[in-house]
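Peer 1: Residue numbers (the UniProt record's numbering): 1 to 59.
Glycine is no exception: its CB is placed at the ideal position from the N, C-alpha and C atoms.
Nothing here was measured: the structure is a model prediction, and the numbers come from that model.
Pasting a structure below so you can have a look.
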Amino acid sequence: MGLLMLKRKDRWGEVISEHERLVEMLWNKDAEKTRLAMKEHLENSYAALIRDPAGCLKN
């Protein structure tokens with residue numbers, strides 16, 4: 001999904017927050033919280049893609 005999701009400006013704030021949380025969990029070496037944060041991030045990205053697939057392909 002990666003770069004395609006960057007075209008979804010409506011989700012930028014969420015994505016940045018999710019990435020910040022992932023970095024924090026990695027920094028703290030908390031494997032379980034990192035796993036959960038990554039799972040949540042991927043589920044949110046997938047849901048956004050399913051909700052509006054064309055929104056990820058707009059120029």
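#1: If we call anything under 7 angstroms between Cβ atoms a contact, is A37 one with R21?
#2: Between N28 and L42, what straight-line distance do the alpha-carbon atoms span, to the nearest angstrom?
#3: With H, G and I counted as helix, E and B as strand and the rest as coil, what does DSSP make of K29?
#4: Report all residues from its chain with a CB closer than 7 angstroms to the CB of E32; omit the five preceding and five following residues, and keep chain order.
Peer 2: On the basis of the coordinates in this document:
#1: Cβ atoms of A37 and R21: closer than 7 angstroms.
#2: 21 angstroms
#3: coil
#4: none
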